[in-house]
Structures are given as C-alpha cells and as structure tokens.
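Counting in our numbering, the sequence shown runs from 131 upward without gaps.
We treat Cβ as the ideally placed atom computed from N, Cα and C, and that holds for glycine.
In what follows, a single structure is set out as structure tokens and then discussed.
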Amino acid sequence: MTITPQPGIMDIKLYQSGASKIEGVTEVVKLSSNENPHGPSKRALDAFRQAAGELHLYPSTDHAELREAIGEVQGMDPARITCGVGSDEIISFLCYAYAGPGDEVLYTEHGFSMYRISALAAGATPVVAPETERRTDVDKLLAAVTENTKLVFIANPNNPTGTMIDEAEVARLADGLPKGCLLVLDGAYAEFVDGFDAGKAVIDARDNVFMTRTFSKIYGLGGLRIGYGYGPQEIIDTLNRVRGPFNLSVPALKAAEMAMRDVGYTDWCRTENARMRDWMTAQLDAMGIAVDLSEANFVLARFEDQAKAEAVDAHLKTKGLIVRLVAGYGLPNCLRITVGTEAACKRVVAAIKEVL
C-alpha cells in the first residue's frame, strides 16, 4: 500500500531561508533575510522577559490585547484583525479558506514564494503574471484573471525588488477584479514607507481587499513569528475558523504588543533604515551597479549577468558578509542586500568595490 499526499503537495519546493553561517568564518554579518539589524525595542524585550513567569499558562485565544494595540496605533478596528504565526500563516489561512481544486491563485512573477507554496498546499493552481521593470503591473495582473481566480496577492513594497505601486493603482486593481475574487495586499515592508497606510484606505472602502502584516521586519521579532491580517469582517470571521485557538505563545503576544506601542522606536528604525538605504543605493549607483528605488529595508543590486552576481556573492562571503542570491525569484543576476547597521553597509560597499 502506498500512502500518497494530495495533488500539488509534491510540487512544493522546500523553502530556502537566508544563510546565517559561513564555514571557517567566525564573525559573520547576516544581510540575507531582511531582519532589523537593531533588534526589537527595549520595551518589547522587557515584555518578553516578564512573560517567562506565565509559561505554564495557555495564551489567550482571541489575542485581544495585541489586537487592541494594533488597532490604536494603526487606526484599525480590532474586531477586524486576526493574528497568526507570521504573515505566512495568514497567507496560508487565506488559501485554505478561499482556494482549492479548480481555483487559481494569482501573483506577480517576482512575488513572495509563500503565495505559490500556500496555493499548492490548498490544492489550488498558482498563476504568475508578468511584472514591468520589476514592478507590479496592474494591467498584466487583470489580463491574467480568469473566472477561476479566487485570490490575487501583491506585496507592496515587493520582496525581493523593493518596488511598489501607489494607492490609485491598488484601487484600480481591486475595482477591476471580478465578483468573488479577493485582493490580498502583503504589507510586510509597509512600515518602512513613511506615512504609508499599507492600503488601509482602499480596504475600508471595499469588501474585496485584505492586508497581511508582520512583526518580523521593522519590529525585529522574526524569531517569535507574529503577524496579523486586517480586512472585511466576514473575511476575519472566516479565517478565525481556520486558525488554531492557541497559535501564538504568551511571550510572542506580550512582546508584539509592546513593539507595536513603542512608536518612537519604530520611527527611529524607519529613519535609520532610509538613511543607510539611500547611502548604499548611491554608492552602488556610483559603481555602475543598477539599483531600483527601494521602499523596503533592502536593495536589489543588478549585475550584468549571473556569473558576476555569483562572483560578488562569493567575495562577500570571504569577508564574512552574507547577502542573498535571488535566482529562485527569477532574478539570477541580482543580489538582495539587507540594509544593516552603518558599519555593515560600509563593509559591503567596500567589499564590492574590491571585487569589481
């Protein structure tokens, strides 16, 4: 007897996370996973430590205190928020709830790999729409929509390109979708854009748009795996039926609440990221390396070919610097470089100058 998985499962490639070690090198600077190099806020760390005394207790099932904090800071109705193990879990919930065999999940060609993985896990068919100059193209997405399209994912800003589209384009995409199709705005990097609401205004004016967010990037809590989703009440009610009752731990909930409330620290991280991102972009441009304007906490350096990108990557490793080759995202001639501390950014630029 052969026990076989459901169709589509074996089409999923195992996720390849950013490397964190280099053989033979002890002092490594990891700039491959878009983590906050400054870590979480002191208030979040203190809350995490204090939660150690509650480890014998089950966490809340409704995440009420965290949802209240998100609502106050982000100007959202807490009742229209659901929380998950990173935004990855929210993406999976959406696919399980709204897509299945015979349905299609649409996303852009350089979109986050979890869209395809979650679609296949739900038994749906992943469909890719072309981008234009590494930017989400609304017309090409709409052209790829069929009567079977149930979910459309766009990351705004996008990973690994760092590019984004404005609110008018997002609204045009939402309004162009057929009835019964949900637009999902992946806002993992939204906090790095000053004054950006990640599409909240578009969501509040419609019933076919939803957003996912994460605490793994600007809030520096990637190790705790916390995310949330915001959108129409009926979508939230549906996802909460898929979500496990105790999916987030006590320390994760406490740390995330304080991270969200520490607005001053978040603002500082945004400002510092923009400063070093702009500096690194200018330095790469001066070397003749093509770089799109990034709105996130990384830059995508484009070299003349794959061999050059791999040569630069190899040289950086000899200096203890880990960046990300993104051939798996259809960008074989590119390196995605997380914006690190000022010292780390200067080391990267100096090492690239050496190899060039």
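Fill in: Given PRO256 as reference, the closest of SER248, VAL372 and VAL235 once Cα atoms are compared
Position 126 of the sequence shown, counted from the first residue, corresponds to residue 256. Of SER248, VAL372 and VAL235, the residue nearest in Cα terms is VAL235.
Fill in: Contacts around TYR349, its chain only, beta-carbon distance under 6 Å, and the 5 residues preceding and following it disregarded
One-based indexing of the sequence shown puts residue 349 at position 219. So the list reads ALA389, once near-sequence residues are dropped.
Worksheet item: Counting Cβ pairs closer than 8 Å, one from the segment 188 to 197 and one from the segment 374 to 387, do we hit at least three?
Response: yes
Discussion item. I need the boundaries of the alpha helix (DSSP H) containing LYS483, first residue and last residue.
Written reply: In the sequence shown, residue 483 corresponds to position 353, counting from 1. Note, LYS483: alpha helix (DSSP H), 472 to 485.
Worksheet item: According to DSSP, what are the bridge partners of ILE133?
Response: Walking along the sequence shown from the start, residue 133 turns up at place 3. None, per the DSSP bridge assignment.
Worksheet item: Can you name, in chain order, every residue of its own chain whose Cβ lies under 8 Å from the Cβ of ALA474, other than the five neighbours on each side?
Response: Translated into the one-based positions of the sequence shown, residue 474 becomes position 344. Excluding positions up to five away in sequence, the list reads VAL159, LEU161, PRO167 and LEU451.
Worksheet item: Should THR342 and VAL300 be called a contact, given that it needs their Cβ atoms to be closer than 8 Å?
Response: The count along the sequence shown starts at 1 and reaches residue 342 at position 212. The count along the sequence shown starts at 1 and reaches residue 300 at position 170. Their beta carbons are not under 8 Å apart, which means THR342 does not touch VAL300 by this criterion.
Discussion item. Can you tell me where the beta strand (DSSP E) holding TYR237 begins and where it ends?
Written reply: Within the sequence shown, residue 237 is the residue found at index 107, counting from 1. Residues 234 to 238.
Item to complete: Say whether the segment 240 to 258 touches the segment 132 to 142, bearing in mind that this needs 3 or more beta-carbon pairs closer than 8 Å, one atom from each stretch.
Response: yes
Practice prompt. Could you please give the first and the last residue of the uninterrupted alpha helix (DSSP H) stretch that includes LEU312?
Written response: Indexing the sequence shown from 1 puts residue 312 at position 182. Per DSSP, LEU312 belongs to no alpha helix (DSSP H); it is in the beta strand (DSSP E), 312 to 316.
Discussion item. Please classify GLY458 as buried or exposed, where buried requires at least 16 neighbouring CB atoms within 10 angstroms.
Written reply: Translated into positions along the sequence shown, residue 458 becomes position 328. With fewer than 16 other Cβ atoms within 10 Å, it is exposed.
Worksheet item: Looking at the unbroken beta strand (DSSP E) that takes in LEU285, where does it start and where does it end?
Response: In the sequence shown, counting from the first residue as 1, residue 285 sits at position 155. A small fix is needed here, since residue 285 is Ala in this sequence, not Leu. Here the beta strand (DSSP E) through ALA285 covers 279 to 285.
Worksheet item: Within the chosen definition, does the segment 264 to 275 reach the segment 226 to 243 through at least 3 CB pairs nearer than 8 Å?
Response: yes
Item to complete: Determine the DSSP secondary structure at ARG432, reduced to helix, strand or coil.
Response: One-based indexing of the sequence shown puts residue 432 at position 302. In the structure shown, ARG432 sits in a strand (DSSP, three-state: E or B).
Discussion item. Once DSSP output is grouped into helix, strand and coil, what is the label at GLY306?
Written reply: Position 176 of the sequence shown holds residue 306. In this structure, GLY306 counts as helix in the three-state DSSP scheme.
Worksheet item: Which residue or residues does DSSP assign as beta-bridge partners of MET417?
Response: Walking along the sequence shown from the start, residue 417 turns up at place 287. Paired residue(s): none; MET417 is not in a bridge.
Practice prompt. Taking VAL76 as the reference, give the member of CYS225, VAL203 and CYS399 with the closest Cα.
Written response: For residue 76 there is no data in the structure shown, the boundaries of the chain being 131 and 486.
Fill in: Closest Cα partner of LEU224 within the set LEU430, ILE284 and THR368
For the purposes of this step, residue 224 is taken as the residue at position 94 of the sequence shown. If we check each option's Cα against that of LEU224, THR368 comes out closest.
Practice prompt. Quick one: give me the first and last residue of the alpha helix (DSSP H) that TYR228 is part of.
Written response: Along the sequence shown, one-based indexing puts residue 228 at 98. 216 to 228 is the extent of the alpha helix (DSSP H) around TYR228.
Fill in: Cβ-Cβ distance between LEU465 and ALA431 below 8 Å
Taking the first residue of the sequence shown as 1, we reach residue 465 at position 335. Taking the first residue of the sequence shown as 1, we reach residue 431 at position 301. Yes, these two residues count as a Cβ contact at 8 Å.
Fill in: Of the listed residues GLU277, ASP435 and ASP305, nearest to GLU297 (C-alpha basis)
Residue numbering aside, residue 297 sits at position 167 when the sequence shown is read from its first letter. The option with the nearest alpha carbon to GLU297 is ASP305.
Item to complete: Return the chain-ordered list of same chain residues with a C-beta closer than 8 Å to the C-beta of GLU402, the five sequence neighbours on each side being excluded.
Response: Sequence index remark: in the sequence shown, residue 402 carries index 272 (1-based). So the list reads HIS168, once near-sequence residues are dropped.
Discussion item. I'd like the list of long-range same chain contacts for ALA174, defined as Cβ closer than 6 Å, with 5 residues on each side in sequence excluded.
Written reply: Numbered from 1 along the sequence shown, position 44 holds the residue referred to as residue 174. Cβ within range, chain order: ALA385, MET388 and ALA389.
Fill in: Spatially closest choice to LYS438 from ALA416, ILE482 and ALA194, by CA coordinates
Numbered from 1 along the sequence shown, position 308 holds the residue referred to as residue 438. Checking every option, the nearest Cα to that of LYS438 belongs to ILE482.
Worksheet item: Helix, strand or coil: which one does DSSP assign to TYR319?
Response: For the purposes of this step, residue 319 is identified with residue 189 of the sequence shown, where counting begins at 1. It is coil, neither helix nor strand.
Discussion item. Only counting the same chain, and skipping five residues up and downstream in sequence, which positions put a Cβ closer than 6 Å to that of LEU414?
Written reply: Taking the first residue of the sequence shown as position 1, residue 414 is located at position 284. So the list reads VAL421 and ALA431, once near-sequence residues are dropped.
Worksheet entry | Beta-ladder partner(s) of LYS160, from DSSP | Position 30 of the sequence shown, counting from 1, holds the residue named residue 160. Bridge partners of LYS160: ILE452.
Item to complete: Count the other C-beta atoms from every protein chain shown that fall within 10 angstroms of the C-beta of TYR145, then say buried if there are 16 or more, exposed otherwise.
Response: Position 15 of the sequence shown holds residue 145. The residue in question, TYR145, is exposed, as its Cβ has fewer than 16 Cβ neighbours within 10 Å.
Worksheet item: What's the call for GLY147, buried or exposed, on a 16-neighbour Cβ count within 10 Å?
Response: The count along the sequence shown starts at 1 and reaches residue 147 at position 17. Looking at the sequence itself, residue 147 is Ser, so the reference to Gly does not match. By the neighbour-count rule (16 or more Cβ atoms within 10 Å), SER147 is not buried but exposed.
Item to complete: For ALA426, I'd like the list of residues in its chain whose CB is within less than 6 Å of its CB, leaving aside the five on either flank, ordered along the chain.
Response: The sequence position of residue 426 within the sequence shown is 296, counting from 1. Cβ neighbours of ALA426 beyond the five flanking positions: PRO287, GLY292, TYR319 and PHE322.
Worksheet item: Can you tell me whether ASP118 is buried or exposed, with buried defined as 16 or more other CB within 10 angstroms of its CB?
Response: Only positions 131 to 486 of the chain appear in this structure, which leaves residue 118 out of reach.
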